[in-house]
Structures are given as structure tokens and as C-alpha cells.
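Student: Submitted below is the structure of interest, expressed as C-alpha cells.
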Amino acid sequence: MTPELGNFALALACCLAAGQAVLPLVGAQRRDPRLMALAPALAIGQLMALLYSFACLVDAAIRDDFSVQNVAANSAAAKPLLYKITGVWGNHEGSILLWALILGLCGGAVALFGRTLPSALRARVIAVLGGVSAGFQLFCLTTSNPFDRVWPAPMDGQGMNPLLQDPGLAFHPPILYTGYVGFAVPFAFAIAALIEGRVDAAWGRWVRPWAVAAWCFLTCGIALGSWWSYYVLGWGGYWFWDPVENASLIPWLTGTALVHSAIVVEKREALKIWTVLLAIGTFSFSLSGTFLVRSGILNSVHAFANDPARGVFILGLLGLVIGGSLLLFALRAPRLTAGGVFAPVSREGLLVLNNILLCSICAVVLTGTMYPPFMSLLFGRTISVGKPFFDATAAPMAIPLMAFMGLGPMMPWKRAQLWPILRRLWWAGAATVLAFAVLVWRVHDLLPLLAATGAVWVIAGSIADIAERIRLFRLPLGASWQRARMLPRAALGAALAHAGVGVGVLGLAAMSQAQHRIVEVHVGQTEMLAGDAWTLTGVRAAPGPNYTALVATIEVRHHGRLVTVLHPAKRTFASQNQTTTEVAIHTNLLSDLYGVLGDRHENGTDVTYVLRLHYNPLAPWMWLGGLIMALGGALSLSDRRMRVGAPRRAATAGLAATP
Amino acid sequence: MTAAMRRLAAMLATVLALAVGLAPLAAIAVDDPSEMLSDPAQEARAEAIGAQLRCLVCQNESIEDSSAGLARDLRHVVREHVARGESNRQIMDWMVDRYGNFIRLKPPLTIGTVLLWLMPVLALLVGGVVAFLSFRRARGTGPAPLSDDERARLTDLTRPR
Amino acid sequence: MTEAASPPNPARRRLLMAAPLVVAGGAGVAFWRMLSGMRQGSFDPHDIHAPALDRPVPDFALPGLPPAQGFGAADLRALKAPVLVNFFASWCIPCVAEMPQLNALKDRLPIWGIAYKDKPAEAQGFVRRAGNPYARIASDLSGMTAIDWGVSGVPESFLIGPGGIIRWHSAAALDEATARRTLLPLAASLRS
Chain A
19 MTPELGNFAL
29 ALACCLAAGQ
39 AVLPLVGAQR
49 RDPRLMALAP
59 ALAIGQLMAL
69 LYSFACLVDA
79 AIRDDFSVQN
89 VAANSAAAKP
99 LLYKITGVWG
109 NHEGSILLWA
119 LILGLCGGAV
129 ALFGRTLPSA
139 LRARVIAVLG
149 GVSAGFQLFC
159 LTTSNPFDRV
169 WPAPMDGQGM
179 NPLLQDPGLA
189 FHPPILYTGY
199 VGFAVPFAFA
209 IAALIEGRVD
219 AAWGRWVRPW
229 AVAAWCFLTC
239 GIALGSWWSY
249 YVLGWGGYWF
259 WDPVENASLI
269 PWLTGTALVH
279 SAIVVEKREA
289 LKIWTVLLAI
299 GTFSFSLSGT
309 FLVRSGILNS
319 VHAFANDPAR
329 GVFILGLLGL
339 VIGGSLLLFA
349 LRAPRLTAGG
359 VFAPVSREGL
369 LVLNNILLCS
379 ICAVVLTGTM
389 YPPFMSLLFG
399 RTISVGKPFF
409 DATAAPMAIP
419 LMAFMGLGPM
429 MPWKRAQLWP
439 ILRRLWWAGA
449 ATVLAFAVLV
459 WRVHDLLPLL
469 AATGAVWVIA
479 GSIADIAERI
489 RLFRLPLGAS
499 WQRARMLPRA
509 ALGAALAHAG
519 VGVGVLGLAA
529 MSQAQHRIVE
539 VHVGQTEMLA
549 GDAWTLTGVR
559 AAPGPNYTAL
569 VATIEVRHHG
579 RLVTVLHPAK
589 RTFASQNQTT
599 TEVAIHTNLL
609 SDLYGVLGDR
619 HENGTDVTYV
629 LRLHYNPLAP
639 WMWLGGLIMA
649 LGGALSLSDR
659 RMRVGAPRRA
669 ATAGLAATP
Chain B
15 MTAAMRRLAA
25 MLATVLALAV
35 GLAPLAAIAV
45 DDPSEMLSDP
55 AQEARAEAIG
65 AQLRCLVCQN
75 ESIEDSSAGL
85 ARDLRHVVRE
95 HVARGESNRQ
105 IMDWMVDRYG
115 NFIRLKPPLT
125 IGTVLLWLMP
135 VLALLVGGVV
145 AFLSFRRARG
155 TGPAPLSDDE
165 RARLTDLTRP
175 R
Chain C
59 MTEAASPPNP
69 ARRRLLMAAP
79 LVVAGGAGVA
89 FWRMLSGMRQ
99 GSFDPHDIHA
109 PALDRPVPDF
119 ALPGLPPAQG
129 FGAADLRALK
139 APVLVNFFAS
149 WCIPCVAEMP
159 QLNALKDRLP
169 IWGIAYKDKP
179 AEAQGFVRRA
189 GNPYARIASD
199 LSGMTAIDWG
209 VSGVPESFLI
219 GPGGIIRWHS
229 AAALDEATAR
239 RTLLPLAASL
249 RS
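Residue numbers (the working numbering), protein chains in the order written: chain A, 19 to 677; chain B, 15 to 175; chain C, 59 to 250.
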């Protein structure tokens with residue numbers, strides 16, 4: 019019965035969302051306060067229905083209700099409880115429902131936190147979110163219904179892919195989806211602004227926190243996904259330029275550009291049209307990336323089961339959402355007034371440069387990802403575009419980006435002189451030159467060398483930014499401390515996020531210096547890697563809840579001193595006839611020792627094991643950098659000036675727009 | 015393909031997908047040291063070549079990263095050719111001769127891939143031109159607005175006393 | 059400098075604002091064509107398009123799978139009439155599905171099989187159970203001959219014309235429609 023209730027709740031939510039899409043919009047057009055007041059109520063109602071619906075699916079998974087086809091296909095009685103719950107979104111249907119739920123949460127959040135927004139704007143924003151919601155819930159109901167029943171119900175489910183049975187992956191989708199879907203709010207603001215024909219500083223200020231919040235989640239989601247592939251897949255890789263990964267990177271790049279250009283709108287009322295386009299583009303990329311992967315056009319190692327029939331529905335939906343919003347943009351954007359004027363050398367100028375570079379990288383990643391199917395369609399010839407291509411094209415474009423990142427925060431608005439800024443950054447420059455001089459002896463590949471140098475520059479630059487703001491060493495320390503405490507959190511957050519980029523890039527650059535060995539050893543045998551002695555001291559069998567495992571013990575010594583004991587394992591899941599490797603990682607935050615247990619070879623009484631040993635310098639910094647970036651974003655969100663909806667639209671806001 | 019055949023194929027694909035899970039990622043790739051060349055320099059070269067070659071039956075992996083049987087065979091071929099002292103170019107040509115450009119993860123520059131390879135320059139150029147044009151236009155629209163100091167002075171002057 | 063600034067050009071501006079819509083629209087149409095092509099089976103983004111077509115068969119000489127007789131490039135090049143070369147393996151599920159089609163075809167077009175990376179005993183059992191559509195069967199234990207042909211997975215079929223030229227290639231299991239519409243007419247034209 020519960021699954022039917024869930025199905026009903028989903029249908030109810032869909033109806034409410036449809037109402038939410040139409041009524042407030044009509045209300046805002048007619049300036050009818052009663053219709054506009056419906057918006058938050060409908061958004062909250064839709065959210066409640068969705069929450070109930072999702073709870074029903076989780077309930078079916080927990081209670082092992084194998085008459086629900088989705089549970090039967092993706093779960094099993096022997097699965098641990100945590101993975102029964104997280105398995106709900108580990109498949110196509112459940113993940114679409116989760117997607118819809120998060121979209122509902124976004125609508126609810128705007129309804130709750132947007133009380134100070136002008137009521138017409140709020141009604142329009144909520145209406146746009148409702149329209150998108152209705153589309154996805156309809157998709158869920160018609161082609162991907164997670165509540166479909168099977169009869170007769172099987173005795174046990176088919177189980178989940180053991181690779182997904184991992185805490186990292188369990189929480190990865192919700193975070194990543196929150197990032198994707200979160201950009202629906204800036205998108206809705208952009209559409210509302212186009213309908214109103216008005217973008218001003220207040221609009222920029224309202225959009226920014228939503229964009230920053232979504233960006234934080236997306237950053238975390240990407241970092242978590244990369245970390246997962248590093249420690250689960252077991253060959254030391256962390257980013258494969260796979261279509262699914264690119265599908266998350268593309269909106270991240272435009273989203274990063276959006277977060278920056280929204281500042282220009284807020285502070286200077288410039289780049290308004292561009293920011294609106296970025297808001298539309300970022301959400302469009304979020305949508306199309308994830309959904310194209312599911313249509314089977316882009317195939318990927320992480321793909322869900324593909325179904326072209328579903329693809330047609332998705333494409334129609336995408337056409338409606340993206341095509342509709344771009345049409346509106348084409349019609350209304352030319353009427354938006356131009357904003358503040360600035361010199362090329364200025365904070366705005368650098369932010370424009372940042373946007374051009376970010377969007378160019380995005381264009382390269384997008385082209386590379388989409389080229390094979392287009393080539394196949396237009397020329398009937400298939401080509402591959404993989405990691406070597408992206409490493410050679412997209413990655414180098416990050417170097418100039420980092421060069422400007424160090425300068426940006428020091429630049430005054432409107433018009434700046436380059437020389438005084440460079441003088442204030444002299445010691446950061448000195449640190450960068452020093453780093454380059456040291457690295458050039460150690461790192462012989464150009465790209466990692468430049469990337470590492472750029473990363474040092476970015477970190478030094480963000481420290482210099484804060485030091486400059488608090489007049490460090492120019493005022494007495496006490497006075498500097500006083501200034502530090504008064505610093506706006508947005509400034510601290512920006513510096514932290516920039517430093518996070520530097521930390522992450524240092525990790526990436528250092529990974530180019532990683533070493534690995536594949537060895538076949540007897541128990542007791544010692545192998546050397548990167549100055550450490552790795553000894554296989556034993557291998558034992560260990561049973562698990564729904565698998566059997568072979569666990570190795572590897573002692574790692576550095577000059578005779580025991581560094582760590584690693585326990586890499588190999589699990590065999592009988593129900594899926596699949597084995598997974600459990601990597602053992604020892605980290606001291608400066609490097610990872612990474613051990614993988616491979617095949618067992620038996621030759622009479624002679625038993626040997628294949629081991630894969632990695633030494634990955636600074637590997638944890640890649641994800642640490644992502645975390646620091648997200649923390650920086652969160653810190654700036656806590657700034658009271660960024661508080662959602664806090665500022666009212668100033669009566670004079672229109673004046674500044676028409677100089 | 016007839017509809018029935020297609021349904022059968024789809025069914026088989028589903029069975030396979032369920033059997034091997036979502037992705038053929040579980041096993042580690044090069045899992046047998048005897049595959050490797052004894053000369054580290056040659057092995058490094060073989061790995062570098064292998065990283066450029068697509069595992070044809072996988073989705074998006076190089077043959078060095080894949081545990082598929084064909085990838086293993088191709089790894090073996092690459093090492094044989096490296097041991098024979100062939101150049102990277104020769105080995106790549108050998109592969110392309112058999113499998114076409116599909117096997118290259120970095121596609122060669124041809125008429126069809128011009129847009130792909132020019133994209134970095136093209137994107138920067140378009141961005142730069144659009145920025146330059148709108149910048150020039152914005153400059154031409156009138157006098158510069160008041161600076162913050164000027165505005166402060168203005169409010170100061172016009173404030174009713 | 060200020061005099062040189064161009065006056066705002068509304069038409070150009072409108073054109074610029076419509077550019078994203080045009081690009082997205084073009085992409086949308088392309089995706090729609092891909093999806094409909096995938097549903098009709100005329101478009102497969104994962105097709106490899108191996109370059110073997112219209113080339114002579116690569117050099118090889120393989121032992122037979124007893125009791126069948128093996129063959130090599132020389133045998134194919136000496137042919138006067140077309141032959142279908144079919145790579146198969148006992149462990150391959152689509153190969154099983156393909157067998158009835160091959161059996162229906164064998165009287166109209168000789169089929170020579172190559173067992174790909176298959177233990178001889180298992181390949182023999184598979185062929186016997188399937189009703190043996192093959193006139194000759196060679197055994198490619200190492201899989202290296204298949205690589206020379208550009209085979210990426212079994213089953214794959216090649217139509218060899220007189221003189222040992224590869225005239226047609228399919229990387230998927232043969233079905234009735236393909237055999238009737240494409241393969242047999244082509245074979246007939248090669249015979250004349």
C-alpha cells in the first residue's frame with residue numbers, strides 16, 4: 019500500500035507544481051496579491067508531498083518490499099541497512115525522484131528565506147521553479163516511475179553493484195545533485211528578471227548567495243566523486259575526463275564564472291546581461307549533462323542503464339526549459355540597460371578576464387565531450403576524445419587563470435594602476451619565483467611545473483590580500499588583529515576559496531610525480547618504492563556480510579622504522595559474481611601510500627600475490643583543496659551582507675543604472 | 015535488426031549489465047607483472063603509448079586502465095613492438111591501421127577535427143572580441159559616472175542644511 | 059578615443075543575444091536526430107568503423123579446429139566466389155543468438171568461421187550444438203589474427219570478395235533483415 023501512497027503523493031506534487039508554475043505568474047502579471055501569495059504555499063505543499071513520496075520509497079527499500087520493481091532490481095535482503103537507504107538513489111528512477119525532491123527543497127527554501135524579496139519577483143522565481151519541478155515529476159511518473167510493482171514478487175532482490183556499496187558514493191549523489199539543482203534558483207531569478215525586464219544591484223545581491231551555495235555543493239560533490247574513484251577503483255587515478263565527470267565540470271566552470279560576475283552586478287551594475295546568460299547557461303548545462311548521459315548518446319563508465327525512449331522525453335523537457343529560457347533571453351535581454359563603466363585594468367576588468375578564461379575552458383571541455391557523437395552524426399566516422407586531449411588543451415588554460423587570480427582581489431574597482439598592486443604583491447611574487455626555482459630542479463614536465471608555480475602564486479596572493487586588508491606589519495599587531503576581526507566574512511571567504519584552488523592544484527601537480535610498481539611477491543618478500551620498503555607479511559581470508567574477502571597485510575618501513583601497516587583486500591560478491599578491490603591508503607597529508615591486492619597465483623605449492631604499490635605525493639591536497647574552496651564559499655555565505663533577501667531593493671538603484 | 019532481435023539484444027544487455035554491474039571497473043588493470051617489460055625505460059614508453067590508446071570495448075578507458083581481454087592483448091602488442099625497438103609513431107600507425115582513429119584518445123588533426131583542436135583559441139578569441147566590443151560601446155555611451163568620492167561629495171553638497 | 063566609439067547598433071545587439079538560442083537549437087536538433095537514429099538502429103554512437111573495408115585480408119595462417127580444416131590469407135585470396143568470414147567464441151552470448159541466422163544463410167553463402175580466443179574443445183562443442191554453419195573453421199587461440207582484422211569483439215562478420223578483398227563488415231550479430239537487404243544482394247553482385 020505504501021508504494022501506492024508514494025505514487026499518489028508524487029502525482030499530487032506534480033499537480034501542485036503545475037499550479038505553482040501558472041498561478042503566481044498570472045498573479046505577478048496582473049499584480050494580484052492573492053494569486054502571488056499562493057506561490058510560497060504551493061511550493062511548501064509540493065515539498066511536503068515530495069518528502070512523503072520519497073519517504074515511501076525509502077520505506078519500501080528498508081522493508082525489503084521486492085514487489086516494488088525498483089527495490090527488487092537494486093536491493094537485496096542481505097544488504098546492510100545504510101546501503102538499503104542510500105541504494106534508493108543509486109539507480110535511475112530513485113535518483114530522478116531525489117532530483118525532484120531537491121528541486122522541491124529549492125522552491126521551499128525560496129519560499130521560506132525570500133520573504134523580503136519584492137512579492138512579484140518572489141512569485142515569479144517560485145513559479146519558474148515550479149514549472150521545472152512539474153516537468154521532472156511528470157518525467158518521473160511517466161517513464162521512470164520508482165513505484166512500479168512486479169508480480170509475482172521475487173523472493174530476493176538482485177542486489178546492488180558492490181562498487182556502489184561504499185559510504186563515499188552513498189552520499190555523493192545527494193551532494194552533487196544539490197549542486198546541480200541548486201543552480202535552478204539563480205536560473206529562476208534570471209528568468210524572473212527577464213520577464214520583469216529589470217536587473218540591478220539588488221538583483222545581483224539576491225542571486226549571489228544562492229549561486230554561492232549551489233557552487234559549494236557542486237564543488238564538494240565533484241571533490242567527493244573524484245575521491246571515490248581514487249580509493250574505490252583502485253588504480254590511483256582520480257579524474258578520467260569521462261563524460262559523466264565532464265558533465266559535472268562544465269556547470270562548475272560556468273557556475274564559478276557566475277559567482278564572480280554576480281559580484282560585478284551587485285557592486286557595479288555591469289555585466290548584467292552576461293550574468294543572466296550565465297545563470298541560464300549553468301542550469302542548462304547541469305540539466306543537459308546529467309540527462310544526456312542517461313539517454314545513451316554519451317556513454318560513460320559510470321552510466322546508468324540507457325534507454326533512448328527516455329531520452330526523447332528528456333530531450334523534449336530540455337528543449338522546453340532551455341529553449342524557452344534562451345528564447346526569452348533573445349527577446350528581452352536587448353532591453354536590459356547597460357551598466358557601470360570601468361577601465362580595462364580594474365577589478366571588473368579582471369573579473370571579465372576570469373569569465374572569459376573559465377568559459378573558454380568550459381567550451382573546450384564541452385566540445386571535447388560532445389565531439390564524438392556529432393562527428394558520428396555528421397561524417398559517419400567515430401573518433402575518441404579522451405584524457406590525453408583534455409590534458410593537452412583544457413588543463414593549460416588554467417595557468418593564465420591562476421596568474422590573474424593572484425591579482426584580482428587586490429584590484430580596486432573601476433580603474434586601477436597595475437604598478438602599486440604589483441608592489442604590494444612583491445613578496446608573493448618573490449615566493450612564487452622562489453618556488454619556481456626550487457621546482458624547476460625537481461619537476462621536469464612543463465605543465466605540472468607551471469601549475470605548481472601558479473598554485474603557490476594564488477595561495478601567496480590570497481594571503482597577501484588578507485595581510486593587506488589588515489595592514490599586517492604596518493600597524494601594531496594588536497591593531498591588525500582588530501582589523502582582522504572586523505574584516506567582512508565575504509572577503510575572508512573569497513581569500514580562503516582562492517587559497518583552496520591553489521591547494522587543490524598543488525595536489526594535482528604533485529600527482530604527476532607519483533610513482534607506482536606492480537610486483538608479484540611471496541609472503542615475506544620486500545619490495546622498494548620511493549625509498550620505502552614494502553613487505554607482504556601475510557594474507558588471510560575474512561568473511562563479510564554479503565561477500566568473502568582476501569585480506570593482505572603489508573608493512574611499510576622507512577629506513578627500518580615502521581611507517582604503517584596496510585590491509586588491502588579483494589572482495590568477492592557471490593550474488594553478483596563480481597570482485598572488488600579494497601584499496602588500503604595510509605596518508606600523512608603530505609603523501610599517500612596506496613596498496614592494492616591483485617591476483618593470487620598458485621603454482622604447485624608456490625603461492626604468489628600480485629601487488630600494486632603507489633606513492634602519491636600531496637594526493638590528499640586535491641580533495642582538501644576542494645573542501646577549502648567549499649568552506650570559503652560557506653564562510654562568505656555567513657556574511658551578514660550576503661544573507662538571503664536581507665537587503666531591500668534601494669529606491670535609487672535605478673539611478674545608478676542610467677549614468 | 016528486427017524488433018524481436020532488438021528486444022533480445024536489449025534483454026541480453028540488461029542481463030550482462032546486471033551480471034557485471036554498472037561498470038567494468040572492479041578489477042585493477044595491469045594485474046600481472048609478467049606482462050611488463052624488464053627495461054624500466056621501455057616499460058615507461060609502453061605505458062605512455064598505452065595511455066593514448068582507447069580500450070575499444072570499454073567506454074572511456076585507455077588500454078592501460080582496462081581489464082578487458084582485448085585491452086590486455088593490445089597492451090601485449092604494444093610491449094612487443096616497443097621491445098622490437100619501433101618508434102611511437104610506428105606503433106600508433108600499426109594500431110590506427112587496424113582500428114582507425116577511434117583507437118586514439120587524442121584524435122589527430124584532420125579536416126573533421128579542426129573545430130575540436132581550434133576550440134581553445136576560438137573560445138578565447140570570441141570571448142575577447144565580445145568583451146572588447148561591449149567595452150568600447152560602454153565607453154562611448156556617455157561621461158563616466160561619478161566615483162564614490164564624487165558621489166559622497168555631491169550628497170554632502172546637496173544635503174539640505 | 060571616445061570619438062572612435064561606435065554608436066550602439068540594435069540589430070547587431072539583437073543578433074548577439076539570439077546566438078545562444080541558435081546554438082542550443084542546433085544542438086537540440088542534432089540530439090533529436092541521434093536519438094531517433096538510435097531507436098531505428100541507423101545510428102550507433104559507439105560504432106567503431108574499422109578501416110578494414112575494401113582492403114585485401116591481412117596476412118595470417120591459422121590451424122583448423124578439428125575435424126574442420128583451417129585456412130589462411132592465401133586461401134581467401136585464391137577465392138573465385140564470395141565467402142563470409144565470421145569470428146565467434148563459445149563464451150559469447152550474442153554468438154549463440156546469431157547461429158540460427160548463420161545456419162539459414164550457409165546454403166546461399168559459404169561461411170568460414172574463426173574461433174576467437176576459445177579452447178578447441180569448447181569451440182568444438184559449441185559448433186556441434188549450434189548445428190555447424192561453417193564450411194571451414196580456423197582457431198585463433200591468441201586472438202592476434204582478430205586484432206589484425208580490426209575485430210573488437212565477437213561476433214563480427216566480413217564478406218570477402220574474389221581476390222580476398224573485404225567488401226562488407228558487421229560488428230554486430232547478423233540478423234535476418236541485414237542478411238536479406240544488404241549481405242545477400244552484395245554477395246550476388248560479387249559473384250557475377
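For each residue, glycine too, the CB sits at the ideal point set by N, CA and C. These numbers were taken from a predicted model, which means no experiment stands behind them.
Taking a cut of 7 Å between CB atoms, which residues from the segment 172 to 196 of chain A lie near chain C?
Tutor: The segment 172 to 196 of chain A vs chain C, Cβ under 7 Å: nothing.
Student: Is TYR192 (chain C) closer than 8 Å to TRP170 (chain C) when the C-beta atoms are compared?
Tutor: Cβ atoms of TRP170 (chain C) and TYR192 (chain C): closer than 8 Å.
Student: According to DSSP, SER343 (chain A) sits in a beta bridge with which residue or residues?
Tutor: According to DSSP, which records beta bridges pairwise, SER343 (chain A) is partnered with nothing at all.
Student: Determine which residues share a DSSP beta bridge with VAL625 (chain A) and list them.
Tutor: Beta-bridge pairing links VAL625 (chain A) to A:GLU620.
Student: Considering only their Cβ atoms, is the gap separating ARG97 (chain C) from LEU395 (chain A) smaller than 8 Å?
Tutor: No, they are not a contact pair.
Student: Got a sec: is the Cβ-Cβ distance from SER151 (chain A) to anything in chain B below 8 Å?
Tutor: Output row for SER151 (chain A): interface = no.
Student: In angstroms, rounded to a whole number, what distance separates the CA positions of GLY95 (chain C) and GLY83 (chain C)?
Tutor: So the alpha carbons of these two residues sit roughly 18 Å apart.
Student: Interface residues of chain C around PHE146 (chain B) at Cβ under 9 Å?
Tutor: Within chain C, no residue comes near PHE146 (chain B); the closest Cβ sits about 11 Å away, beyond 9 Å.
Student: Using Cβ-Cβ distances below 8 Å, what residues of the segment 53 to 65 of chain B are close to chain A?
Tutor: Listed by position, the residues of the segment 53 to 65 of chain B near chain A (Cβ gap below 8 Å) are ALA65.
Student: Using a Cβ-Cβ cut-off of less than 7 Å, list which residues of the segment 333 to 357 of chain A approach chain C; keep chain order.
Tutor: Within the segment 333 to 357 of chain A, the residues whose Cβ lies closer than 7 Å to some Cβ of chain C are LEU333, GLY337, ILE340, GLY341, LEU344, LEU345, PHE347, ALA348, ALA351, PRO352, listed in chain order.
Student: Evaluate ALA126 (chain C) with the Cβ neighbour count: other Cβ atoms within 10 Å of its Cβ, from every protein chain shown; 16 or more gives buried, anything less gives exposed.
Tutor: Its Cβ being crowded by 16 or more others within 10 Å, ALA126 (chain C) is buried.
Student: Going by other Cβ atoms of all chains shown within 10 Å of its Cβ, with 16 needed for buried, is SER250 (chain C) buried or exposed?
Tutor: Flag for SER250 (chain C) reads exposed.
Student: What's the C-alpha gap between LEU452 (chain A) and ILE417 (chain A)?
Tutor: Taking the straight line joining both Cα atoms gives about 18 Å.
Student: With which residues is MET546 (chain A) paired in a DSSP beta bridge?
Tutor: Paired residues: A:ALA551.
Student: Which one or two residues does DSSP pair with PHE146 (chain C) in a beta bridge?
Tutor: C:ALA173.
Student: At a Cβ threshold of 8 Å, is LYS177 (chain C) touching chain B?
Tutor: No, LYS177 (chain C) lies away from the interface with chain B (no Cβ there is under 8 Å from its Cβ).
Student: Alpha carbon to alpha carbon, how far is VAL203 (chain A) from GLY37 (chain A)?
Tutor: Approximately 18 Å between the Cα atoms of the pair.
Student: Would you mind stating whether LEU368 (chain A) and MET429 (chain A) have Cβ atoms separated by less than 8 Å?
Tutor: It is a contact, given that the beta carbons lie within the stated cut-off.
Student: For TYR70 (chain A), is the beta carbon positioned less than 7 Å from some heavy atom of the ligand NAP?
Tutor: This structure simply doesn't include the ligand NAP, nor any ligand for that matter.
Student: On the DSSP bridge assignment, give the partners of HIS576 (chain A) in chain order.
Tutor: Answer by DSSP bridge pairing, in chain order: A:ARG579.
Student: On the DSSP letters alone, give me the boundaries of the beta strand (DSSP E) that LEU217 (chain C) sits inside.
Tutor: That run of the beta strand (DSSP E) goes 214 to 219.
Student: For the candidate residues A:PRO362, A:PHE408, A:THR134, whose alpha-carbon lies nearest to that of VAL383 (chain A)?
Tutor: The option with the nearest alpha carbon to VAL383 (chain A) is A:PHE408.
Student: Check for me: the beta strand (DSSP E) holding HIS278 (chain A) runs from which residue to which?
Tutor: Element bounds for HIS278 (chain A): not the beta strand (DSSP E) but the alpha helix (DSSP H), 261 to 286.
Student: Using 10 angstroms around the beta-carbon of VAL456 (chain A), count the other beta-carbons present and answer buried if the total reaches 16, otherwise exposed.
Tutor: VAL456 (chain A) should be labelled exposed.
Student: Who are the Cβ neighbours of GLY24 (chain A) in its own chain at under 6 Å, not counting the five residues just before and after it?
Tutor: For GLY24 (chain A), where only same-chain residues beyond five positions count, the Cβ hits under 6 Å are SER71, CYS74, LEU75, PHE165.
Student: Measuring only between beta-carbons, confirm whether LEU138 (chain B) sits less than 8 Å from chain A.
Tutor: Closer than 8 Å to some Cβ of chain A, the Cβ of LEU138 (chain B) qualifies, so yes.
Student: Please list, in chain order, the chain A residues whose beta carbon lies closer than 8 Å to that of HIS227 (chain C).
Tutor: In chain order: nothing, as chain A lies at least about 14 Å away.
Student: Buried or exposed: which applies to MET504 (chain A), given that a residue is buried once 16 or more other Cβ atoms fall within 10 Å of its Cβ?
Tutor: So MET504 (chain A) ends up on the exposed side.
Student: Quick check: is the beta carbon of GLY211 (chain C) nearer than 8 Å to any beta carbon in chain B?
Tutor: Closer than 8 Å to some Cβ of chain B, the Cβ of GLY211 (chain C) qualifies, so yes.
Student: Would you say GLY130 (chain C) reaches chain B, if we count a Cβ-Cβ gap shorter than 8 Å as a contact?
Tutor: No, no contact with chain B.
Student: Are the beta-carbon atoms of GLY329 (chain A) and SER313 (chain A) separated by less than 8 Å?
Tutor: Against a cut-off of 8 Å, the Cβ pair of SER313 (chain A) and GLY329 (chain A) comes out as a contact.
Student: Between LEU395 (chain A) and chain C, is the shortest Cβ-Cβ distance under 8 Å, so that the two count as touching?
Tutor: Interface residue, yes.
Student: Jot down the residue ranges of each uninterrupted alpha helix (DSSP H) in the segment 62 to 101 of chain C, minimum 4 residues, whole runs only, in chain order.
Tutor: Within the segment 62 to 101 of chain C, the complete alpha helix (DSSP H) runs of at least 4 residues are 68 to 98.
Student: Would you say GLY83 (chain B) reaches chain A, if we count a Cβ-Cβ gap shorter than 8 Å as a contact?
Tutor: Chain A, which has no Cβ nearer than 8 Å to the Cβ of GLY83 (chain B), makes this no.
Student: Roughly how many angstroms separate the alpha carbons of GLN435 (chain A) and SER101 (chain B), rounded to a whole number?
Tutor: Taking the straight line joining both Cα atoms gives about 53 Å.
Student: Any Cβ of chain B within less than 8 Å of the Cβ of ILE224 (chain C)?
Tutor: No, ILE224 (chain C) does not count as interfacial toward chain B.
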